[in-house]
Structures are given as structure tokens and as C-alpha cells.
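Worksheet: the structure to be examined is printed underneath.
This is the structure we're talking about:
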């Protein structure tokens, strides 16, 4: 009987606990999108969050969403010097990306940077690894290959058959 009571008490305690989102209750975290952090550590835009006891970003009005600057492309997200450092043997910052409408141009700067970072991470992973004697080493030659080096078969005939001709 004591064990059952202890288990019930444990689950009641676990269901009653929550993790606050911001402020002193969350290690000084700040709410996303300019939202207010209430005195209890929750994010929101109403007077309950932004009023008495608000811990951070305490405006009484709902923040307006950030609008992207029109005409921005990925070259506005990465400096020429950083591009040259990352892609040392390339000289066409932004030109290829401009041929894909909407790439790195949707939303405010944060999701645009995330989209660019994810794209660069995935594509560089698949197209790097130059030759051992390459100037500056084999990893300095990113984006030199149009297909993956060291191709492996990722198909499992029973569950995931390869596309015809692959």
C-alpha cells in the first residue's frame, strides 16, 4: 500500500511541475519574437505578461512582426570575406543562389540565416573531400564536386529500393 501511495504521489508531483520559459525561473532566458516575460516566467504579449512584475522585454503593445527587406538575397547574409574564407576557391558569392527564387529571402534575418546554414552544411558535407595533396589540404576544396565522393548505396532492396537506374 505504501508503494502504491508513493507511486501516486510521484506521478502527481510530476504532473504538477512545469518548466518556465524565461526570466529568473529559466536561467535568465529571454522570450522569442520580442514577447514579454511575466513575473512567473512565461512568454506572452498581453498585459498579464507585460504588466506588473514583467521581467524582460516589457512593452505594453504587441510587437509587430519583423518584415524582411525587399530585394535581399543570400549575399546580404554572409560577408564577402567570410564567403571567401569558407569557399576559398569560389568567386561567385550569391550569384547561383539568385537563380533560385525564394532561397534565403523568406522571413526575417533569423530564418534566412538558418536556411543558408542548413543548405551549406548539407551540401558541403556531400561535395567536399578533395585529394590528399590538394593545396591547403583536402577539406579546403569545398564544392568542387557535383556529386558525392565515396558514394555508398543507401538503398535497401526490401524496404527502400533504389530508383531505376541508380
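Residue numbers (mature numbering (1 follows the signal peptide of the UniProt record, and there is no 0)): -19 to -1, 1 to 147. We put the beta carbon where it would ideally sit given N, CA and C, even for glycine. Bear in mind the structure is a predicted one, so any value in this text is a computation, not a measurement.
Classification of residue i by the beta-carbon crowding that lies within 10 angstroms, buried from 16 upward
{"i": "residue 86", "result": "buried"}
{"i": "residue 93", "result": "buried"}
{"i": "residue 23", "result": "buried"}
{"i": "residue 3", "result": "buried"}
Inter-residue spacing [alpha-carbon to alpha-carbon] between residue i and residue j
{"i": "residue 146", "j": "residue 138", "result": "14 Å"}
{"i": "residue 48", "j": "residue 14", "result": "Residue confidence for residue 48 is low, a pLDDT of 44 falling below 50, so the modelled location carries little weight and cannot support an answer."}
{"i": "residue 50", "j": "residue 97", "result": "Since pLDDT at residue 50 reaches only 46, below the 50 mark, its modelled position is unreliable, and the value read off the structure follows with that caveat. Using only the alpha carbons, I get a separation of about 17 Å."}
{"i": "residue 84", "j": "residue 104", "result": "14 Å"}
{"i": "residue 102", "j": "residue 95", "result": "10 Å"}
{"i": "residue 65", "j": "residue 59", "result": "10 Å"}
{"i": "residue 9", "j": "residue 91", "result": "21 Å"}
{"i": "residue 11", "j": "residue 32", "result": "16 Å"}
{"i": "residue 67", "j": "residue 61", "result": "10 Å"}
{"i": "residue 99", "j": "residue 34", "result": "39 Å"}
{"i": "residue 116", "j": "residue 142", "result": "40 Å"}
{"i": "residue 56", "j": "residue 7", "result": "36 Å"}
{"i": "residue 63", "j": "residue 82", "result": "23 Å"}
{"i": "residue 80", "j": "residue 136", "result": "32 Å"}
{"i": "residue 54", "j": "residue 78", "result": "8 Å"}
{"i": "residue 113", "j": "residue 88", "result": "41 Å"}
{"i": "residue 44", "j": "residue 119", "result": "For residue 44, the predicted model reports a pLDDT of 45, less than 50, meaning its position is unreliable; a value from the coordinates is still stated below. C-alpha separation (whole angstroms): 48 Å."}
Below-8 Å beta-carbon distance, residue i vs any chain D residue
{"i": "residue 136", "result": "The question asks about chain D, but that chain is absent: this structure has only one protein chain."}
Near the ligand ZN: residue i beta-carbon under 7 Å from a heavy atom
{"i": "residue 26", "result": "Within the structure as shown, the ligand ZN is missing, as the structure has no ligands at all."}
Helix, strand or coil at residue i according to DSSP, with G and I counted as helix
{"i": "residue 37", "result": "strand"}
{"i": "residue 17", "result": "strand"}
{"i": "residue 149", "result": "A query on residue 149 cannot be resolved here, the shown segment of the chain reaching from -19 to 147 and no further."}
{"i": "residue 137", "result": "strand"}
{"i": "residue 102", "result": "helix"}
{"i": "residue 115", "result": "coil"}
{"i": "residue 78", "result": "helix"}
{"i": "residue 10", "result": "strand"}
Whole-angstrom C-beta distance between residue j and residue i, which should lie under 8 Å
{"i": "residue 36", "j": "residue 5", "result": "7 Å"}
{"i": "residue 26", "j": "residue 16", "result": "6 Å"}
{"i": "residue 30", "j": "residue 19", "result": "4 Å"}
Where the alpha helix (DSSP H) through residue i begins and ends
{"i": "residue 29", "result": "28 to 31"}
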